[in-house]
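Novice:
Number of protein chains: 4
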Amino acid sequence: MANVKKSDLLKEPVEHFDITKHNTISMVEAMSKMAFSARDLARASDIYDRMLADKDCSVILCLAGSLFSAGLKKIVFDMVQNNMVDAIVSTGANIVDQDFFESLGFKHYKGTKWVDDHALRSARVDRIYDTFIDEDELGVSDNTLSEIAGSLKPKPYSSREIIEEMGKYLATGKNCKVKDSITLAAFKKQVPIFVPAFSDCSAGFGFLHHQWHNPESHASIDSAKDFRELVRVKLEAKETGLLMIGGGVPKNFAQDITVGAEMLGLDTNMHKYAIQITVADERDGALSGSTLREACSWGKVDTVWEQMVYSEATLALPILASYAYHKGSWKKRAARKYNALLNDEKAPIPAAKY
Amino acid sequence: MANVKKSDLLKEPVEHFDITKHNTISMVEAMSKMAFSARDLARASDIYDRMLADKDCSVILCLAGSLFSAGLKKIVFDMVQNNMVDAIVSTGANIVDQDFFESLGFKHYKGTKWVDDHALRSARVDRIYDTFIDEDELGVSDNTLSEIAGSLKPKPYSSREIIEEMGKYLATGKNCKVKDSITLAAFKKQVPIFVPAFSDCSAGFGFLHHQWHNPESHASIDSAKDFRELVRVKLEAKETGLLMIGGGVPKNFAQDITVGAEMLGLDTNMHKYAIQITVADERDGALSGSTLREACSWGKVDTVWEQMVYSEATLALPILASYAYHKGSWKKRAARKYNALLNDEKAPIPAAKY
Amino acid sequence: MANVKKSDLLKEPVEHFDITKHNTISMVEAMSKMAFSARDLARASDIYDRMLADKDCSVILCLAGSLFSAGLKKIVFDMVQNNMVDAIVSTGANIVDQDFFESLGFKHYKGTKWVDDHALRSARVDRIYDTFIDEDELGVSDNTLSEIAGSLKPKPYSSREIIEEMGKYLATGKNCKVKDSITLAAFKKQVPIFVPAFSDCSAGFGFLHHQWHNPESHASIDSAKDFRELVRVKLEAKETGLLMIGGGVPKNFAQDITVGAEMLGLDTNMHKYAIQITVADERDGALSGSTLREACSWGKVDTVWEQMVYSEATLALPILASYAYHKGSWKKRAARKYNALLNDEKAPIPAAKY
Amino acid sequence: MANVKKSDLLKEPVEHFDITKHNTISMVEAMSKMAFSARDLARASDIYDRMLADKDCSVILCLAGSLFSAGLKKIVFDMVQNNMVDAIVSTGANIVDQDFFESLGFKHYKGTKWVDDHALRSARVDRIYDTFIDEDELGVSDNTLSEIAGSLKPKPYSSREIIEEMGKYLATGKNCKVKDSITLAAFKKQVPIFVPAFSDCSAGFGFLHHQWHNPESHASIDSAKDFRELVRVKLEAKETGLLMIGGGVPKNFAQDITVGAEMLGLDTNMHKYAIQITVADERDGALSGSTLREACSWGKVDTVWEQMVYSEATLALPILASYAYHKGSWKKRAARKYNALLNDEKAPIPAAKY
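Protein chains in written order, with the working numbering: chain A, 1 to 354; chain B, 1001 to 1354; chain C, 2001 to 2354; chain D, 3001 to 3354.
In structure tokens:
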């Protein structure tokens, strides 16, 4: 395939799973009577529904891995639209390189892993396992991020603030080309999105470009502010539930806020609910695969309502999310609008004891 | 074990593997004639030695997972001391929660995973798989970080700059209690250490505390500056080799600098050498387990000298690092002292074409 | 839980997933437009349906792992009943310890892995990950197998012949207590079931008992005869498709029949279709995780219609099997009744060339 | 690589690791003070040495996966030669396709997984992950097995008996071309080798050929006899230790003998020591990855001296076996010569109570 052309590689776009069209309640109920991952997934689905039914609970969704390039974007979009999630902590890949990228009108394409990566390199096509992306379209996304960075007043920002700016950008004119933009939906619903490793994605390229050309005076990314803000959210929410897809920084960061609050002497609870969908193994000692029971030793997660599901996300998340969607407990939930709180400079900040 | 006491749990400290005392050359040579992981590890060891023998190559070490709590700290210390590494990209856990923590005189302890995590919680002991930590000692570390943050002029910093400050702190008086502090050694050898997700560790707690108490004027963490600085390093180094332990943000971040330079129109090469030791599976599409050949499609890594090794790090790294240490190619290498370059405000910065 | 009682542990029986009640066609079609495991599962589902629609193709189902204790038994029962499978190669655990065991009226119970295995030992409860079994009921199964062995004329048998005897036993009087016995259904439908490692299960205990008490004259298990019989099936079938759940001996054994036929100089084709659902990793070089492309180098499997799915079976098999069931291509298939062929002593056996 | 030739592919033979030349004692002692797999491997090494030092303990080595093609053959050879193992339970791949195959003078070759398997097929080269084999040489091995089968008196045999015949064949004239044949060494040392799924390898092809051509009167493989014989070994040995490389049938079969003895009412102990080296995950519920604690619920393995090591075998086995070899506890062990017992038709057989 030495001389393969981009147009031959980018033919069939990935399409996103639509939970509103698939009711998995009876399947999940059947799985609850089985064993292994099926039963675990059924229990996790039930716990997610409990989070939504618990009036005191705010739901924090954690996203790691290449989820949206794989067709899981509309699921999260529907969760945002329907008050099924109150805050998001994600890798930059999902929010910036994939959701914002698609919001600009670009696509991910069905590819294959049986391929010569040098030929892809020549064709300017990037690969994520079995998925292809137009490298030049990614460049457009990078440049848009650079523009947005350039439009900001030079000072430190949380990633959440910048992602809100990205939402504002998409809300402007015809900038947004799709109906299922999470960045835009979260902007409108005032759902905060945190990307604690924000330079580790297309936004990093945008800010690199912005700062390189403006070495003296520029916007910067303050991940400590992210942490401060998410602790604020935790304090405001009485109880919290974590729905974690994959591990990595989002899992670590979201779990850590209870410890952060404790360090400040601020009264708060461990996360009351916790679900993780992952194939990571606990035996290498890394956080991505560490059990939620281990997190209890750290004071992060309570163990009554915790469940790990051993599955790649494209199989488990559609089933879990469809279940919760059709159970409908979210219908009685109000939007938390945490962005409003975080943006309100006059809102009182709880005083630290230590 | 309902009423277990901390003193019963924290008895046997983890001790660090010493590559200077174990010569694995003949073992690695024997493994090069086998198959599977043994042969892969032998080839990776050879590639690392080639990086060190290649006068034009700078070595970037990427660290993810809980490596230093597991006894791998002195290996990286010896690599820093002996010019076997020119820059480090790491998770915060390794550098802050584990190396800096031990630099203050604290220890990690041999524990077990067969344990009641609620009992650990009551005893104020935190668990990493089979390793125990004194939660109160971690608190001392958090507070020290808060002090260091408070001592900084209020402006954005790269994580590298703050870690240099941590090194300076350890170099002061008797603050450093151990002989194998990586943070201190890197400070002295002017080896930059980047932690792109810097709020995702004890430093996050330190900066949270600092900023919470100083909401109007405070030091902040700018991970875009990290990116700018590592691109500078890449431009200064003719060639680069990546030695990656685990995946996560460090792998992604370090690979991305070639794309970042390309985006600015700055002439640079893909990473010439790349090694990754990991147990992550490629089949979930996440970056941690993605093959180095996939990275070639993105223009990140060349494929002539790349090798993935499927192993948990505590088995593979001692063998690989001992091999390279005793081969001795590092003896002819000069220290790159990239911190000097990055700290020199008058150093000319390559002009971007785009 | 030192003094836990059996009756406290064995309360909630595992129930089996019913593919006739869940139509996953639209879900699978949606998954075919995604990436990663979802797309792989959709393609595998399509390939299975193609096998069933291909009039020249016989379907060989391979079963490894603890599938039936986990609620997957009725799926295979329905496949047997509806001509969706023409031969089965399995571990003994599935067919003897689990299907035959349940046929005698016993159950598997929902348990947990968070348990003290010494306490289970004392309570005479056996554990499979999160599933509990009454050890005394297993003993009844072992003894029944010993009885059946004792009823046989002393000579070597293929496992298939013995499993047919087990089916005959269940067909007698009220011996079979359930409606979804695979052993009984296969007996009635004349679908051969092979367990090449037949001593590695409750049947092993049964034959151990039988032979120990009858050292001079006894029935024996000839796995070479299994191989001969499955090669006969391969020769009779023009084309074959493998649907493999897990790896192990069943995968190896079923793949090997093409090589066996070749060795005898008998004209046959590689397996035309091949699907494997597994979480095994290819990187340890073991056959369970080896790719189906690797199998092509051995002349076992063609690569046009092959698909591996990276998933634990309780998630993937219900979706795949429901899809194929509701697509209905099996409705035009005739039962192959290979047992009739294999039992017919006068049936001509193809002459070997070598 | 459409027209690649066999001679281009089969150039560099795999060479076997020699534990007598690498002393890993100090490395293992250092690893015992670390965490994760390194500490687990150190503890497993210590347990294996304890088995050898325990005068009442017989060691049963279980082998699954493609170990000998990967360079681990001479390790097992040295273990047999030096009374470090008293019985072996293996897959056929290791003993027949790889050890016996190499005993005939053939080799395994260093290959690569980055290859077109169709081209290998055309070149008559078979692939195991990154290893190549001459398909025609495998054919010679199959035919030799067929000859050996043809030389046997027509009756059922345990795999152990047939493997002894293979050893006798190698002991004849110049049939054995190598110095490190396990089959030959075990024959001479009277160490029984069991392959419970004996038809699932080159022996299967040999017996297929033999029986196909002699349908009326032929030697057959009785795996129930294997089970009987290994229970005999268990009864004769006071205590037993399992050293398991990989999982599969060998793990299951060897663990089951305590249950088999119990079923006959014969007094025996659980396995006192148990080690498993594997990368299999416990979360799919299959036996290969099931914990040794789970085995305790079944009455198979005691939990005082059990250790699982999460590693691919080519990394862990050389370290563990070198440690035990150089510790030298085996020097005081006598050869158990269980073949002599099993072959003695007049040896009294313990009477079953049930």
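Idealized CB from N, CA, C, for every residue including glycine.
Pick out whichever of A/F68, A/M79, A/A123 has its Cα sitting closest to the Cα of A/K107.
Specialist: Among A/F68, A/M79, A/A123, the Cα nearest to that of A/K107 belongs to A/F68.
Novice: Any C-beta of chain D sitting closer than 7 Å to the C-beta of B/K954?
Specialist: No answer is possible for residue 954 of chain B: it lies beyond the span of chain B, which begins at 1001 and ends at 1354.
Novice: Does the distance from the C-beta atom of A/D226 to that of A/F187 stay below 7 Å?
Specialist: No.
Novice: In three-state DSSP terms, what is C/Q2098?
Specialist: In this structure, C/Q2098 counts as helix in the three-state DSSP scheme.
Novice: Could you name the residues of the same chain whose beta carbon sits closer than 7 Å to that of D/L3104, not counting the 5 residues immediately before and after it, in chain order?
Specialist: Hits under 7 Å: V3140, S3141, T3144, K3177.
Novice: Below 8 Å on the Cβ atoms is my guess for A/V301 versus A/A274; work out the distance and round it to an integer in Å.
Specialist: Correct: roughly 4 Å between the Cβ atoms.
Novice: If you run the structure through DSSP and keep just helix, strand and coil, what is D/K3174?
Specialist: Note: D/K3174 maps to coil in three-state DSSP.
Novice: Is B/F1227 close to chain A? Criterion is C-beta to C-beta, closer than 7 Å.
Specialist: Answer yes: the Cβ-Cβ gap between B/F1227 and chain A drops below 7 Å somewhere.
Novice: Around the C-beta of A/A347, are 16 or more other C-beta atoms found within 10 angstroms, so that it is buried, or is it exposed?
Specialist: Classification for A/A347: exposed.
Novice: Between B/A1149 and B/F1207, how many whole angstroms is the CB-CB distance? I'm expecting something under 8 Å.
Specialist: With 8 Å as the limit, B/A1149 and B/F1207 qualify as a contact, their Cβ atoms being about 5 Å apart.
Novice: Beta carbon of A/A203, beta carbon of A/V96: below 7 Å?
Specialist: Result yes, Cβ atoms of A/A203 and A/V96 sit closer than 7 Å.
Novice: Considering only the alpha carbon of each residue, which of B/I1133, B/A1254, B/L1243, B/L1235 lies closest to B/D1008?
Specialist: It is B/I1133.
Novice: Just by C-beta distance, which residues in the segment 2247-2275 of chain C are closer than 7 Å to chain E?
Specialist: This model lacks chain E altogether; the protein chains it does include are A, B, C and D.
Novice: Of the choices A/I182, A/M27, A/E147, whose alpha-carbon is the least far from that of A/D78?
Specialist: Cα-wise, what sits closest to A/D78 is A/I182.
Novice: Do A/I75 and A/A321 come within 7 Å of each other at the CB atom, strictly closer than that value?
Specialist: Closer than 7 Å, so yes.
Novice: Starting from the Cα of D/M3084, find the closest Cα among D/A3197, D/S3066, D/K3272, D/G3241 and give me that residue.
Specialist: It is D/G3241.
Novice: Between the segment 3186-3218 of chain D and chain C, which residues of the former have CB atoms less than 9 Å from a CB of the latter, in chain order?
Specialist: Answer set for the segment 3186-3218 of chain D: P3196, A3197, F3198, S3199, D3200, C3201, A3203, G3204, F3205, G3206, F3207, L3208, H3209, H3210, Q3211, W3212, H3213, P3215, H3218.
Novice: Look up A/A197 in the DSSP assignment and say whether it is helix, strand or coil.
Specialist: Of the three classes helix, strand and coil, the one that applies to A/A197 here is coil, per DSSP.
Novice: Does B/P1215 come out as helix, strand or coil in the three-state DSSP assignment?
Specialist: In this structure, B/P1215 counts as coil in the three-state DSSP scheme.
Novice: Could you give the residue range of the alpha helix (DSSP H) that holds C/F2187?
Specialist: Looking at the DSSP string, the run of the alpha helix (DSSP H) that includes C/F2187 is 2182-2189.
Novice: Assess, as a yes-or-no matter, whether the segment 328-347 of chain A is touched by the segment 45-63 of chain A under the definition of 3 or more beta carbon pairs within less than 8 Å.
Specialist: A contact exists between the segment 45-63 of chain A and the segment 328-347 of chain A.
Novice: Can you say whether A/A64 is buried or exposed, counting buried as having 16 or more other CB atoms within 10 angstroms of its CB?
Specialist: Flag for A/A64 reads buried.
Novice: Could you please give me the residues that DSSP links to A/L243 through a beta bridge?
Specialist: Looking at the DSSP assignment, A/L243 forms a beta bridge with A/L61, A/I275.
Novice: With distance defined between alpha-carbon atoms, name the residue in C/L2072, C/Q2098, C/D2117, C/T2024 nearest to D/S3297.
Specialist: Of the candidates C/L2072, C/Q2098, C/D2117, C/T2024, the one whose C-alpha sits nearest the C-alpha of D/S3297 is C/D2117.
Novice: Would you decide whether D/E3029 is buried or exposed? Buried here means 16 or more other CB atoms lie within 10 Å of its CB.
Specialist: The residue in question, D/E3029, is exposed, as its Cβ has fewer than 16 Cβ neighbours within 10 Å.
Novice: For A/A87, name the three-state secondary structure that DSSP assigns.
Specialist: Here A/A87 sits in strand by DSSP.
Novice: With distances taken Cα to Cα, identify the nearest neighbour of A/V4 among A/G328, A/R121, A/L341.
Specialist: Ranking A/G328, A/R121, A/L341 by Cα distance to A/V4 puts A/R121 first.
Novice: When Cβ atoms are compared, which residues of the segment 276-301 of chain A fall closer than 9 Å to chain D?
Specialist: Cβ contacts with chain D come from V279, D281, R283, D284, G285.
Novice: Just checking, does the segment 2303-2313 of chain C make contact with the segment 2036-2045 of chain C on the three C-beta pairs under 8 Å criterion?
Specialist: Touching, yes.
Novice: Is there at least one Cβ from chain B nearer than 7 Å to A/E312's Cβ?
Specialist: True, the Cβ-Cβ gap to chain B drops below 7 Å.
Novice: On the DSSP letters alone, give me the boundaries of the beta strand (DSSP E) that D/F3132 sits inside.
Specialist: Taken as a continuous stretch (DSSP letters only), the beta strand (DSSP E) holding D/F3132 covers 3131-3134.
Novice: Would C/Y2354 and C/G2265 be called neighbours here (beta carbons separated by less than 7 Å)?
Specialist: Yes, the Cβ-Cβ distance between C/Y2354 and C/G2265 is below 7 Å.
Novice: If you scan the segment 3101-3132 of chain D from start to end, which runs of the alpha helix (DSSP H) of 4 or more residues do you find wholly inside it?
Specialist: Segments of the alpha helix (DSSP H) lying fully in the segment 3101-3132 of chain D: 3117-3123.
Novice: Listing by chain order, which chain D residues have their CB less than 8 Å from the CB of A/A35?
Specialist: Residues of chain D passing the Cβ test: G3285.
Novice: What runs of the beta strand (DSSP E), each 3 residues or longer, lie entirely inside the segment 2253-2300 of chain C?
Specialist: Taking only runs of at least 3 residues, the beta strand (DSSP E) segments lying wholly in the segment 2253-2300 of chain C are 2271-2278.
Novice: Quick one: using the 10 Å Cβ neighbour count with 16 as the cut-off for buried, is D/G3173 buried or exposed?
Specialist: D/G3173 comes out exposed.
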